[in-house]
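Numbering (the UniProt record's numbering), first residue to last: 1 to 543.
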């Protein structure tokens, strides 16, 4: 009976995506690569920025910002997190003056130095509306040479610099260089990830990295934060994909490590210092990255499970049965699905008949459509017979596949629409991963809603606690419990989002004191004046 029911489900729903359709199925629509892709991102001045950043910006402070900075700190102390309460401006930093502004204009031109309050205000606020900076200056470099001059000057004046990415639309276009024989892309740091994806897909390859924010994030910021994303289970981290970097150090020195060699065992592999350093050791300006071949056969399945143990067993079965064609394994609890259905426009529940406790999205990519289809059919048939899958559907066309991915990728967007979001990005052994979600629900009670979702194949949980507003009472129920619990499991308090300012003082939950001290020594060596992304990544007590 179970076999007949499972086979019937497959006959009703199964349908692979045709070759060439995967781009649209993931919500990624081709764009003409050209002037909209920026060679470099932006710099802007800020005192007390509260988040880890993507790309570039410059942290320098005018006399008028000091009072507003103190006010911002007080607001954040009351409203957002304990991190803000411990940050005091380093008095060793200089204050920006008119001579500094004149110098920046001399190398960047009038259009490269932005002081307009409205434009700077946009850059000062993070996309969640949670953290606010107090910058009054935004710099827009167009080349490595300009980045070098900015940093050399800021280092000599001890003006702090915060790198940030974003779609300014104001800096020079960049045409990447592509080696189609070896599948290696060389580009500048301000290129938007989605545009790079379109560019290499037109040549028969894909980027090894895929994120929900691909339409706005810059590849330089991806490298600087070692972003993980949805393809990690297949292609691994950027430490394995990035072949070479060009980096500008704090004193303006241009460090050329832009090799495209697959093998180079001469001395220390210094590029790894800058991958994931969040702009605290140097600013990435160019990248050489290995791109996998684009495979013609793609299938996307949206499945339901009755309990978390079934999700675990399904992951193990997928690794064994799907093997080399498994490209994504994402999980969501029912609270995530309910949220997505309520707040995301244009999506619908693929399995609306009955509510289930957990949902799993599986994607496969391969080179043989008939073989891949048969392999996935056999896997799902066995999984349903074994009771691991309660119900499921496989996308028959681009629209269905896009809907499946829109649900998973839109959870973060939907969360923000509730009001306040406390977001935690944890790496935990898979067998323990959902335990903290259940424990957090007990702690929070009716004060908020707790969501658990993420990259199950990577052991990466995105723990979101939603409330109508930020409060000290809610924060006290979450922290330091979430860090202590993760540390006891020998997990990581930041699987892929980085530390920024929010978790800089919490690094000891995941790293030993000896490791932190060594990191501090590297920071002092490369940035002795500590001008790059101050107050982030490492505790101030070790610097």
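The beta carbon of each residue, even a glycine, is placed where N, CA and C say it ideally should be.
request  = With DSSP as the reference, label residue 364 as helix, strand or coil.
outcome  = Here residue 364 sits in strand by DSSP.
request  = Measure the CB-CB distance between residue 120 and residue 114 and report whether it falls below 8 Å.
outcome  = Remark: C-beta atoms of residue 120 and residue 114 approach each other more closely than 8 Å.
ask   = Is residue 148 buried or exposed, if buried means 16 or more other CB atoms sit within 10 Å of its CB?
value = Burial call: buried.
ask   = Fully enclosed by the segment 452-480, which beta strand (DSSP E) runs are 3 residues long or longer?
value = The segment 452-480 contains these whole beta strand (DSSP E) runs: 460-467.
request  = Can you check DSSP and say which residues form a bridge with residue 246?
outcome  = Note: residue 246 sits in a beta bridge opposite 256, 286.
query = Excluding sequence positions up to five away, which residues of its chain have a Cβ less than 6 Å from the Cβ of residue 468?
reply = Taken in chain order, the residues that qualify are 419.
ask   = Quick one: complete beta strand (DSSP E) runs, 3+ long, within the segment 132-206?
value = Complete beta strand (DSSP E) runs here, min 3: 137-139, 177-179, 184-188.
key: Unbroken stretches of the beta strand (DSSP E), 3 residues or longer, contained in the segment 349-434   = Positions of the beta strand (DSSP E) runs, each at least 3 residues long and wholly inside the segment 349-434, are given as 358-366, 391-394, 420-427 in order along the chain.
request  = Compute the beta-carbon to beta-carbon distance between residue 332 and residue 359, rounded to the nearest angstrom, for a pair I have assumed lies under 8 Å.
outcome  = Confirmed, Cβ separation roughly 5 Å.
Residue closest to residue 296, alpha-carbon to alpha-carbon, out of 368, 182, 429, 92 = It is 368.
Top-ranked residue by Cα proximity to residue 220, from 289, 184, 449 = For the options 289, 184, 449, the alpha carbon positioned closest to that of residue 220 is the one of 289.
task = Kindly indicate which residue of 231, 213, 271 has the alpha-carbon position closest to the one of residue 239.
result = Closest in C-alpha terms to residue 239, from the list 231, 213, 271, comes 271.
request  = Would you identify the three-state DSSP class for residue 326, choosing helix, strand or coil?
outcome  = Residue state, collapsed to three classes: strand.
query = Got a sec: does the ligand PLP put a non-hydrogen atom nearer than 7 Å to the Cβ of residue 154?
reply = Questions concerning the ligand PLP fall outside what the structure shown contains, since it holds no ligand whatsoever.
key: Stretch pair the segment 228-248 + the segment 448-462: three plus CB contacts closer than 8 Å   = Judged by Cβ distances under 8 Å, the segment 228-248 makes contact with the segment 448-462, as three or more pairs qualify.
Extent of the continuous alpha helix (DSSP H) run through residue 298 = DSSP places residue 298 in no alpha helix (DSSP H) but in the uninterrupted beta strand (DSSP E) bounded by 297-305.
key: Beta bridge counterpart(s) of residue 331 as assigned by DSSP   = Residue 331 pairs with 360, 454.
message = Three Cβ pairs or more, each shorter than 8 Å: is that satisfied between the segment 321-329 and the segment 346-362?
response = Result yes; three or more Cβ-Cβ pairs closer than 8 Å.
key: Same chain, Cβ closer than 6 Å to residue 410, neighbours up to 5 away in sequence not counted   = If we look at residue 410 and ignore the five residues flanking it on each side, its Cβ neighbours are 340, 344.
key: Selected residue, minimal CA-CA separation from residue 246, among 194, 187, 454   = Minimum Cα distance to residue 246 is reached at 187.
Residue environment, residue 372, which counts as buried when at least 16 other CB atoms sit within 10 Å = It is buried - the Cβ of residue 372 has at least 16 other Cβ atoms within 10 Å.
key: residue 319 versus residue 354: straight-line alpha-carbon distance, rounded   = About 28 Å.
ask   = Would you call residue 525 buried or exposed, if buried means 16 or more other Cβ atoms sit within 10 Å of its Cβ?
value = By the beta-carbon neighbour count (other beta carbons within 10 angstroms, threshold 16), residue 525 is exposed.
ask   = From residue 150 to residue 395, what distance separates their C-alpha atoms?
value = So the two alpha carbons sit approximately 50 Å from each other.
Whole-angstrom C-beta distance between residue 391 and residue 351, which should lie under 8 Å = Their Cβ separation, rounded to whole angstroms, is 5 Å, which keeps residue 351 and residue 391 in contact under 8 Å.
ask   = Just how far apart, CA to CA, sit residue 509 and residue 478?
value = Cα to Cα, the separation comes out at about 15 Å.
inquiry  = For a test of the three-state rule: what should DSSP assign to residue 218, helix, strand or coil?
reply    = Residue 218 falls in the strand class under three-state DSSP.
query = Can you tell which of 317, 251, 109, 321 has its C-alpha closest to the C-alpha of residue 532?
reply = Ranking 317, 251, 109, 321 by Cα distance to residue 532 puts 251 first.
key: Counterpart residues of residue 569 in DSSP-defined beta bridges   = Outside the shown range of the chain, which is 1 to 543, sits residue 569, and nothing can be said about it.
key: Where the alpha helix (DSSP H) through residue 321 begins and ends   = Element bounds for residue 321: 308-321.
key: Nearest-angstrom beta carbon gap, residue 273 and residue 261 [assumed within contact, 8 Å]   = In fact, because the Cβ distance is near 18 Å, the residues do not count as touching under 8 Å.
message = Suppose contacts are defined by Cβ-Cβ distances below 8 Å. Is residue 544 in contact with residue 325 by that definition?
response = With the chain running from 1 to 543 in the structure shown, residue 544 is simply not present.
request  = Decide if the segment 89-105 is in contact with the segment 156-166; the criterion is three or more beta carbon pairs, one per stretch, under 8 Å apart.
outcome  = Three or more beta-carbon pairs separated by less than 8 Å link the segment 89-105 to the segment 156-166, which places the two stretches in contact.
task = Rounded to whole angstroms, what's the CA-CA distance from residue 539 to residue 476? Just pull it up for me.
result = Cα to Cα, the separation comes out at about 21 Å.
ask   = Between which two residues does the alpha helix (DSSP H) containing residue 514 stretch?
value = Looking at the DSSP string, the run of the alpha helix (DSSP H) that includes residue 514 is 513-526.
ask   = So residue 489 is in the alpha helix (DSSP H); what residue range does that whole segment cover?
value = It is not in any alpha helix (DSSP H) - residue 489 carries neither H nor E in the DSSP assignment.
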